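Presented below is the structure to which this report refers.
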Amino acid sequence: MSKKKIILYSCLAGVIAFLFYINRNAVQVSTDDIRTWILSFGWFSPVVYILLYTVRPLVLFPASVLSIAGGLAFGPFYGTVYTLIGATGSAASAFITARVLGKNIAGKEWKGRYSQIQKQLEERGFFYVLLLRIIPVFNFDLISYASGISKVRFSPFVTATAIGMVPGVFAYTYLGSSLVDGGTGTWVFAGSLFLIVILVPVFFRGKVKRMLGMGKKDTTKREEENDEKI
């Protein structure tokens, strides 16, 4: 291995270690702490919140914590609007980062079962990004990074992301707002809505994976085809 590559990999390892350190300490911060900090900026609070959400994937901060904090700080309506803008920005930042840093990977075939994700994203990018945002069977940022290093176009990706996130974003922000001034009825509705958003991916995980060609039968079939080729 060349000296240049050793230095590059060492720097990457250092960055990853630093990000994990930030993430480990960040998750110890409560949503109420974030709400108080955001509102301390007064009229600029929405801008700060949106910018914070936009850079979130770069520091591995959990989106759910920020979304609930958005509901706590701005209420269900504005919390949803600001979170949608910020979350779309965060998806875009992850996409662009992956597209720029992964330019040597883009265009190459992925290995194993992930080759099916690559194929579906490239052939029907808008539909599958929309599907995976509405029914998030995979990590939010993973889809953004995967789209960035595939051949998915930026415009369909952002549009599908913004539309597909609406149900989940509303559920999280409404839950957050109900913790501030909600009565029993509001809590029940917010909790029920939140449970639906959480449980939908569980019930539809298998179906979505089959649509992506990642079901057990599809995997077995591909393995058999590979064996035949050998």
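Using the working numbering, the first residue of the sequence shown is number 15, and each one after it goes up by one.
Ideal Cβ placement from N, Cα and C applies to all residues, glycine included.
The structure displayed is predicted, hence computed values, not measured ones.
1. My output table needs one value for residue 52: the three-state DSSP class, helix, strand or coil.
2. Suppose the cutoff is 6 Å on Cβ atoms and the five residues either side in sequence are ignored; what does the same chain contact list for residue 59 look like?
3. Over what stretch of residues does the alpha helix (DSSP H) that includes residue 168 continue unbroken?
4. In whole angstroms, what is the alpha-carbon distance linking residue 73 and residue 63?
5. Look at residue 158 and residue 109 and say whether their C-beta atoms are less than 8 Å apart.
6. Does the ligand GDP have a heavy atom nearer than 7 Å to the CB of residue 77?
7. Within 10 angstroms of the Cβ of residue 192, are there 16 or more other Cβ atoms? Answer buried if so, exposed if not.
8. Span of the alpha helix (DSSP H) holding residue 219?
9. So the candidates are 140, 149, 147, 153; which of them puts its Cα closest to the Cα of residue 167?
10. Look at the alpha carbon of residue 175 and the alpha carbon of residue 84, and state the distance between them as a whole number of angstroms.
11. Is residue 147 helix, strand or coil when you go by DSSP?
Looking at the atomic coordinates:
1. helix
2. 52, 53
3. 168-178
4. 15 Å
5. yes
6. By its list of ligands, the structure shown contains no ligand whatsoever, and the ligand GDP lies outside what it can speak to.
7. buried
8. 198-225
9. 140
10. 19 Å
11. helix
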